[in-house]
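First the structure, in the form of structure tokens, and then the observations on it.
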Amino acid sequence: MIAEAGLALLWLAAALSLLQLVLGWAALRPSGEAMLRAVRPVAVAQGILAGLAFACLIWLFLRTDLSVKLVAANSHSAKPWLYKFAGAWGNHEGSMLLWVTVLAMAGAAVALFERRLRQDTLIATLAAQAAIGLGFYAFLLFASNPFTRLTPVPVEGNGLNPLLQDPGLAFHPPTLYFGYVGISIAFSFAVGALITRDVGPAFARAMRPWVLIAWIFLTLGITAGSYWAYYELGWGGWWFWDPVENASLMPWLAATALLHSVTVLATRGGLRAWTIMLAVVAFSMSMIGTFLVRSGILTSVHAFAVDPLRGAFILVLLGFYIGGALLLFGLRVRHVKEGTAFEIVSREAALVINNLLLSVILGLVFIGTLYPLVTQALGQEISVGPPYFNAVAGPVALVLVAFMAMGPMLRWRRDELKALAGRIAVPVLLSAAALLALVILAPPMNWLPLLGLAMAPGVAAASVAPLWRRNLRRTPFFIWGMVIAHLGIAVTLAGMASESAFTKETLVAARPGQSVAAGPFRVLFQGVTPVVGQNWTAIEATLVARRGEGAPVALRPQARLFSSPPTPTSEAAISTWWDGQLYIAIGEEDEQGRWQLRLWWKPFVTLIWLGGGLIALGGLLALIGRLRRERRAPA
Amino acid sequence: MKRKNQRLVLLLLAIGAVLGAVLLGMSAMRSQASFFYAPGDVAAKGLPLDRAVRIGGMVKQGSIRRHGDGVTIDFLVGDQTPNTIRVVFRGLTPELFRENSGMIAEGRFRADGIFVASEILAKHDENYMPPELTRRGLHKTETVH
Chain A
1 MIAEAGLALL WLAAALSLLQ LVLGWAALRP SGEAMLRAVR PVAVAQGILA
51 GLAFACLIWL FLRTDLSVKL VAANSHSAKP WLYKFAGAWG NHEGSMLLWV
101 TVLAMAGAAV ALFERRLRQD TLIATLAAQA AIGLGFYAFL LFASNPFTRL
151 TPVPVEGNGL NPLLQDPGLA FHPPTLYFGY VGISIAFSFA VGALITRDVG
201 PAFARAMRPW VLIAWIFLTL GITAGSYWAY YELGWGGWWF WDPVENASLM
251 PWLAATALLH SVTVLATRGG LRAWTIMLAV VAFSMSMIGT FLVRSGILTS
301 VHAFAVDPLR GAFILVLLGF YIGGALLLFG LRVRHVKEGT AFEIVSREAA
351 LVINNLLLSV ILGLVFIGTL YPLVTQALGQ EISVGPPYFN AVAGPVALVL
401 VAFMAMGPML RWRRDELKAL AGRIAVPVLL SAAALLALVI LAPPMNWLPL
451 LGLAMAPGVA AASVAPLWRR NLRRTPFFIW GMVIAHLGIA VTLAGMASES
501 AFTKETLVAA RPGQSVAAGP FRVLFQGVTP VVGQNWTAIE ATLVARRGEG
551 APVALRPQAR LFSSPPTPTS EAAISTWWDG QLYIAIGEED EQGRWQLRLW
601 WKPFVTLIWL GGGLIALGGL LALIGRLRRE RRAPA
Chain B
636 MKRKNQRLVL LLLAIGAVLG AVLLGMSAMR SQASFFYAPG DVAAKGLPLD
686 RAVRIGGMVK QGSIRRHGDG VTIDFLVGDQ TPNTIRVVFR GLTPELFREN
736 SGMIAEGRFR ADGIFVASEI LAKHDENYMP PELTRRGLHK TETVH
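As they're listed, the protein sequences go chains A and B. Going by our numbering, the first residue of the first sequence is number 1, and it counts up by one from there. Going by our numbering, the first residue of the second sequence is number 636, and it counts up by one from there.
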């Protein structure tokens with residue numbers, strides 16, 4: 001019954017999204033004022049129904065109802081409850097249902113809370129959101145139904161991919177989707193404003209908090225995904241330039257650019273058409289990412305099912321939505337007013353450069369991600385990996401970070417180069433000193449991490465500069481937000497560069513009782529013991545690490561064998577210190593009774609994710625600041 | 636700057652940036668993209684010595700040899716042609732790496748034809764197979780229903 005109820009709720013939600021679209025369209029016609037009031041409640045009801053349908057799926061997974069095909073194919077009764085719960089989205093259909101649910105709930109949130117947008121623009125926005133929803137409801141109902149029954153009912157389910165059986169599954173996908181799909185609001189706002197010709201500072205002020213919310217979640221989701229891959233895969237890497245990672249990075253780059261251009265539009269009335277374009281591009285990247293990940297053309301832990309029909313379906317949907325939005329943009333862009341002009345040396349100009357560089361990185365990542373698919377269609381197998389992405393994105397990112405450091409020190413509209421030179425003197429001197437110290441004292445390293453390490457302190461100093469001579473108590477929250485987010489970039493940069501430059505790796509085959517060096521540690525391999533979990537067995541190694549004369553720390557990496565499906569996985573053991581992480585993975589035993597051990601000492605690697613957290617925190621502070629200011633002075 | 640000109644300048648800048656990105660991307664692609672070689676390709680096209688490549692195929696039964704250091708192995712990779720590639724790898728192999736199973740490796744060929752793998756790509760799950768292999772009929776993808 002639950003499955004049928006879920007399916008019925010989904011159909012109802014789809015019907016409401018059609019109603020929302022039609023009502024919105026009718027309300028915008030000259031005679032349609034009577035419909036105006038109906039659109040908001042319909043949008044809220046649609047969000048609630050989609051949420052209930054998703055709750056039905058979670059319930060089915062928690063009960064391990066094997067008469068539902070999706071549960072039987074992806075769950076198992078002997079799984080810990082957390083993975084039954086989170087396993088609801090650890091498969092193609094479930095993750096698409098989560099996708100659509102977030103889309104519907106985002107629309108409902110706009111209907112409930114958006115008070116400042118002009119009413120006709122709001123209605124057009126909700127209609128646009130419903131139009132997107134309609135296509136993806138169709139995709140769910142016709143090509144990815146999560147509630148299909150299965151007869152005969154199997155005795156036991158197939159279980160969940162063990163790599164996904166980690167607390168990260170409960171956090172990373174929903175967080176990422178809130179950002180990834182939440183950015184659809186920016187797209188709908190842009191479409192709405194184009195329809196009602198309402199592109200201006202007031203519109204931008206209304207859009208900004210929504211972009212911020214989506215961007216915060218996207219930042220958190222990417223950061224969490226990176227840390228999860230780092231400890232779960234056991235390869236010691238934190239970013240692999242996997243197409244799936246790129247699929248989340250591309251909307252983030254576009255949303256970051258949008259966040260800055262929308263500020264120019266809100267405060268200075270500039271960059272109008274560009275902001276609208278970025279809003280369209282950001283969610284377009286999300287849809288392209290969905291296509292890459294869900295169509296089965298990629299091989300990845302994220303690609304669940306290979307079904308050409310699904311790929312074609314999403315391709316048609318995204319072609320329709322992106323093409324439609326671009327067409328509307330082309331038709332209406334001449335009605336978008338020219339923005340306020342500014343000088344070459346000004347805050348606006350720095351933000352334009354920020355936007356251009358973010359777009360360049362986005363373009364480079366886009367080419368690298370999609371080019372192999374194009375050549376593959378032409379019959380040539382190539383793969384584009386970290387060598388390409390690091391070589392092209394790294395240098396551009398460093399230039400971008402340099403401009404990011406300068407931007408907040410510039411005045412709006414016009415400024416003097418001389419004044420700027422005075423303000424950046426301290427950060428530049430700091431970076432120069434760091435560069436000198438690194439070249440003299442540190443072992444030789446690649447120029448990219450070298451520059452990254454040298455720039456980090458200067459960028460950090462420049463980031464906190466806006467607080468200089470301010471009364472910290474009376475500094476508005478959104479200034480704090482900017483400062484913390486930019487500081488987060490500097491912290492992440494330091495972590496990435498340090499990991500890349502100073503990581504020490506040791507690969508040995510060791511007998512129990514043998515001692516191994518790993519960076520500043522002496523690690524004693526004591527031996528292995530078998531251990532048993534709820535749905536796995538494992539060989540667990542015990543290693544005791546000592547740093548100089550410090551207290552010993554025990555690390556226990558495992559080689560696990562999951563029972564359903566029967567899959568071996570490696571669980572790395574990580575010991576976190578103030579200045580880095582000791583990371584140990586265990587391999588196989590050889591004929592002589594030696595065990596393969598891989599040990600890494602990664603100095604300051606934790607800064608990567610700490611910085612990611614700071615960036616998201618900065619976003620949150622900015623959001624609170626904007627909302628508080630609004631409450632005080634209603635627009 | 637005049638208002639009229641400003642939009643034009645911004646537009647030109649944007650186009651310039653995108654063009655620059657495309658040119659930079661394509662030129663980097665030429666030197667950094669790695670091509671896929673199955674054992675049959677090596678015989679047909681010759682050894683690619685100038686760049687990193689990917690190879691893939693089935694690990695031959697009984698071909699995995701462990702070296703004395705305990706962390707280096709070598710093995711033969713074959714496809715449906717009679718050709719094979721000998722691969723040397725130092726590191727921990729992925730959990731699902733075994734004889735008679737598909738694999739993909741990244742690395743470089745030495746002049747003597749031995750492939751030095753820098754990385755052996757893990758199959759994330761027993762249901763997955765690198766598409767390069769399935770498309771060439773080197774391995775059948777099994778799906779669980």
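Ideal Cβ positions, reconstructed from N, Cα and C, are used throughout, including at glycine. Treat the numbers as computed from the prediction; the structure is a model and nothing was measured.
Under the three-state reduction of DSSP, A572/A is assigned to coil, being neither helix nor strand. For P243/A, the uninterrupted alpha helix (DSSP H) segment begins and ends at 243-268. Annotation: the continuous beta strand (DSSP E) that includes F724/B extends over 719-725.
Of all residues in the stretch 109-121 of chain A, none comes within less than 8 Å of chain B when Cβ atoms are compared. Excluding residues up to 5 positions away in sequence, I2, A3, V68, V71 lie with their Cβ nearer than 7 Å to the Cβ of L60/A in the same chain. Counting the other CB atoms within 10 Å of its CB gives A50/A a total of 16 or more, which places it among the buried residues.
L599/A carries a strand assignment under DSSP once its states are collapsed to helix, strand and coil. By DSSP's assignment, R546/A forms a beta bridge with R522/A. Here the alpha carbons of Y388/A and R598/A stand approximately 27 Å from one another. Residue F525/A holds the alpha-carbon nearest to the alpha-carbon of T542/A among R470/A, F525/A, S575/A. Residue range 184-196 is occupied by the alpha helix (DSSP H) that includes T196/A. Against chain A, a Cβ distance below 7 Å from D704/B picks out A509. Between A497/A and D579/A, the alpha-carbon positions lie close to 14 Å from each other. Taking 9 Å as the upper bound on Cβ-Cβ separation, chain B lies near residues A585, I586, G587, E588, D590 of the stretch 576-590 of chain A.
Considering only L659/B, A668/B, L647/B, the residue with the shortest C-alpha distance to Q376/A is A668/B. The way I'd put it, the stretch 211-222 of chain A does touch the stretch 612-631 of chain A; three or more beta-carbon pairs between them come closer than 8 Å. Inside the stretch 34-119 of chain A, DSSP marks whole alpha helix (DSSP H) runs of 4 or more residues at positions 36-63, 69-74, 81-86, 92-113, from first to last along the chain. Under the Cβ criterion of 7 Å, Q667/B is counted among the residues facing chain A. Along the length of the stretch 652-701 of chain B, whole alpha helix (DSSP H) runs at least 4 residues long occupy 674-680, reported in chain order.
Taking a Cβ-Cβ threshold of 8 Å, the residues of chain A close to G655/B are V360, in chain order.
For A517/A against T506/A, the beta-carbon gap comes to about 7 Å, under 8 Å, which counts as contact. At a cut-off of 7 Å, the C-beta of Q526/A has no neighbouring C-beta in chain B. Legend: CB atoms of the stretch 729-743 of chain B lying less than 8 Å from CB atoms of chain A belong to residues E730, L731, E741. Think of a sphere of 8 Å around the beta carbon of V352/A: the chain B residues whose beta carbon falls inside it are L645, L648, in chain order. As DSSP reads the structure, E505/A sits in a beta bridge with W600/A.
Cβ contact annotation for T256/A (same chain, cutoff 8 Å, sequence separation greater than five): W215, L358, in chain order. Non-local C-beta neighbours of I489/A in its own chain, meaning closer than 8 Å and more than five positions away in sequence, comprise V401, M404, V459, S463, G611, I615, ordered along the chain. A straight-line Cα-Cα distance of about 40 Å links G593/A and F171/A. Under the Cβ distance rule, Q715/B does not count among the residues neighbouring chain A, no pair being separated by less than 7 Å.
Remark: C-beta atoms of M96/A and L140/A approach each other more closely than 7 Å. With respect to chain A, the C-beta atom of R745/B has no partner C-beta closer than 7 Å.
The shortest C-alpha to C-alpha distance from R745/B to any of E730/B, E754/B, R733/B, R721/B is the one to R721/B. The contact set of R598/A on chain B, defined by CB atoms closer than 9 Å, consists of V706, G726, L727 in chain order. For a cut-off of 8 Å, the C-beta gap from G221/A to L176/A is around 3 Å, short enough to register as a contact.
When the alpha-carbon of A43/A is set against those of G24/A, G513/A, L57/A, F54/A, the nearest one is in G24/A.
In the three-state scheme derived from DSSP, where H, G and I count as helix and E and B as strand, S431/A is classed as helix.
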